[in-house]
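Visitor:
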Amino acid sequence: MSSRPLFVVLGLGDGSGTGSAAARVFSQAGYRIALIARSGRDTAQKLADELNNTGGEAAAFPVSAYNYATVHDVFGNIDRHWPNAQLRAALFNAGHGVWKGFLDVTEEDIDAGVDVNIRAAYSFSREVILRQKELPLNDKGKRGTLLFTGATASLRGNVTTSGFAPGKSALRILSQSLAKEFDKQNIHVAHSIIDGQISTARQRNLHGEEWSSNPDNKLLPESIAQSYLYLVDQDRSAWTWELDLRPAHEKW
Ligand SMILES: NC(=O)c1ccc[n+]([C@@H]2O[C@H](COP(=O)([O-])OP(=O)(O)OC[C@H]3O[C@@H](n4cnc5c(N)ncnc54)[C@H](OP(=O)(O)O)[C@@H]3O)[C@@H](O)[C@H]2O)c1
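Going by this note's numbering, the first residue of the sequence shown is number 82, and it counts up by one from there.
#1: Report all residues from its chain with a CB closer than 8 angstroms to the CB of S235; omit the five preceding and five following residues, and keep chain order.
#2: According to DSSP, what are the bridge partners of D185?
#3: So for G225, helix, strand or coil by DSSP?
#4: Any heavy atom of ligand 1 closer than 7 angstroms to the Cβ of N197?
#5: Look up A141 in the DSSP assignment and give the residues it is bridged to.
#6: Please go through the same chain and pick out, in chain order, the residues whose beta-carbon is closer than 7 angstroms to the beta-carbon of N133, but skip the five residues on each side of it.
#7: Compute every distance between the C-beta of P328 and the non-hydrogen atoms of ligand 1, then say whether any falls below 7 angstroms.
#8: Would you say F88 and A170 are within 8 angstroms of each other, going by their C-beta atoms?
#9: Taking the alpha-carbon of E221 as reference, which of P143, I191, D276 and Y311 has the nearest alpha-carbon?
#10: Using the beta-carbon count (16 or more within 10 Å), is N198 buried or exposed?
#11: For the putative contact between N174 and A103, defined by C-beta atoms under 8 angstroms, what is the C-beta separation to the nearest angstrom?
#12: Candidates D130, H153 and D192: which alpha carbon is nearest S101's?
#13: Grouping DSSP H, G and I as helix and E and B as strand, with all else coil, what is S294?
#14: If L227 sits next to S206, beta carbons under 8 angstroms apart, how far is it from one beta carbon to the other, in whole angstroms?
#15: If we call anything under 8 angstroms between Cβ atoms a contact, is T135 one with A306?
#16: Whole angstroms is fine: what's the gap from G194's alpha carbon to R283's?
#17: For the beta strand (DSSP E) that A271 lies in, which residues bound it at each end?
#18: Apart from the five residues on each side of it in sequence, which residues of its chain come closer than 6 angstroms, Cβ to Cβ, to D209?
#19: State the DSSP-derived secondary structure class of V44, mapped to helix, strand or coil.
#20: Does D123 come out as helix, strand or coil in the three-state DSSP assignment?
#21: Tell me the DSSP bridge mates of A202?
#22: How long is the line joining the alpha carbons of I114 and P164, rounded to whole angstroms?
#23: Is D95 near ligand 1, judged by its Cβ being under 7 angstroms from some heavy atom?
#24: By the DSSP assignment, the alpha helix (DSSP H) with R327 in it spans what residues?
#25: Answer yes or no: the CB of I275 versus the heavy atoms of ligand 1, is any distance below 7 angstroms?
#26: Measuring only the C-alpha atoms, how far is F263 from H269?
Next up, the structure:
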């Protein structure tokens, strides 16, 4: 039985963004990796195969959608796959929103955003904390770390973000509430403001060659993931609740 600590990540996109980069970085750092992604995508299984073929230990856990019940249930699947695993680090990486004028935001848009950014995040946090609070302290003096990926919209609304920013800001305040409540139990909760565009395949296709080849205008998923590992490795005498990451030439 492997004694690697477990890292759970929810939200892998197409495999080129932050969630997948975090899975690779934590796998290299010696974690077992549970990959939660919406079913119908083969990203999670492909990534699990990649990690298993490069010395890691990973498994894919598909869900039909992100909501309270699906996230609750998928943690049961992870427990059955790796009984007694020590869930030392977890990343809630999914985000959903629409970019349009306020009067065009529909009730369906609101429901989808609330399901992903709020209901799924509550459920994920609950499942992680229930497991981490039972763990012994590790060599950093903590039981585990719970990470959230935020965005500029976590802090600031704008003309086309009424269908996105409320969800991201809710996630941020949830994470702060959890940090205040569970720090005392030596569970480290941290939120990252990603204040710029991430170099995912989708963004590179959208912005074209000139944008893609400029090294100063976007965040590399691998670099975000290294920052997440840094947060997890912080000892409890000095840990971060909120990290704020932006590329060197972001116009802020
Ligand atoms: N891309 C950027 O420029 C940027 C900038 C700042 C912050 N962020 C944030 O960074 C995180 C990672 O984004 P990324 O760009 O690296 O990856 P991404 O490809 O944009 O995927 C975002 C994540 O959200 C989930 N998602 C997307 N649309 C969804 C929908 N309609 N319903 C349910 N889930 C949905 C995806 O889950 P599945 O894996 O299951 O498909 C995916 O994991 C997100 O929280 C995002 O808000 C992104």
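C-beta atoms are modelled at their ideal positions from N, C-alpha and C, and glycine is treated no differently. Small disclaimer: the values here were computed from a predicted structure and weren't measured.
Guide: So, to answer that:
#1: Only A246, K249, S250, L252, R253, H272 and I274 meet the Cβ criterion.
#2: Note: D185 sits in no beta bridge, so no partner.
#3: In the three-state reduction of the DSSP assignment, G225 falls in the strand class.
#4: Here residue 197 is Val; the residue named in the question, Asn, does not match the sequence. Yes, Cβ of V197 sits closer than 7 angstroms to a heavy atom of ligand 1.
#5: Answer is L116, bridged to A141.
#6: Apart from sequence neighbours up to five positions away, the residues of its chain that approach N133 with a beta-carbon distance below 7 angstroms are A139, ordered along the chain.
#7: No, Cβ of P328 sits at least 7 angstroms from all heavy atoms of ligand 1.
#8: Inclusion of F88 and A170 in the CB contact set at 8 angstroms is warranted, their separation being smaller than that value.
#9: The sequence given here places Lys at residue 221; Glu does not occur at that position. When P143, I191, D276 and Y311 are compared, the shortest CA-CA separation from K221 is found for Y311.
#10: Buried, since its Cβ has 16 or more Cβ neighbours within 10 Å.
#11: The distance from the Cβ of N174 to that of A103 is about 7 angstroms, consistent with a contact at the 8 angstroms cut-off.
#12: Measuring from the Cα of S101, the nearest candidate turns out to be D130.
#13: In this structure, S294 counts as helix in the three-state DSSP scheme.
#14: Confirmed, Cβ separation roughly 6 angstroms.
#15: Remark: C-beta atoms of T135 and A306 do not approach each other more closely than 8 angstroms.
#16: Distance between the alpha carbons of G194 and R283: 20 angstroms.
#17: Boundaries of the beta strand (DSSP E) harbouring A271: I268 to I275, taken from the DSSP string.
#18: Note that residue 209 is Val in the sequence shown here, rather than Asp. Leaving aside the five residues that flank V209 on each side, the residues in its chain whose CB is nearer than 6 angstroms to its CB run, in chain order, A171 and L227.
#19: The shown model of the chain, from 82 to 333, leaves out residue 44, and the question about it has no answer.
#20: Look at D123 here: in three-state DSSP terms it is coil, with no helix or strand label.
#21: Answer is none; A202 lacks a bridge partner.
#22: Their backbone Cα atoms lie some 14 angstroms apart in a straight line.
#23: Yes, the beta carbon of D95 sits closer than 7 angstroms to at least one heavy atom of ligand 1.
#24: In the DSSP assignment, R327 falls outside any alpha helix (DSSP H), carrying neither H nor E.
#25: Inclusion of I275 in the 7 angstroms shell around ligand 1 follows from its C-beta lying nearer than that to a non-hydrogen atom of the ligand.
#26: Roughly 7 angstroms between the two C-alpha positions.
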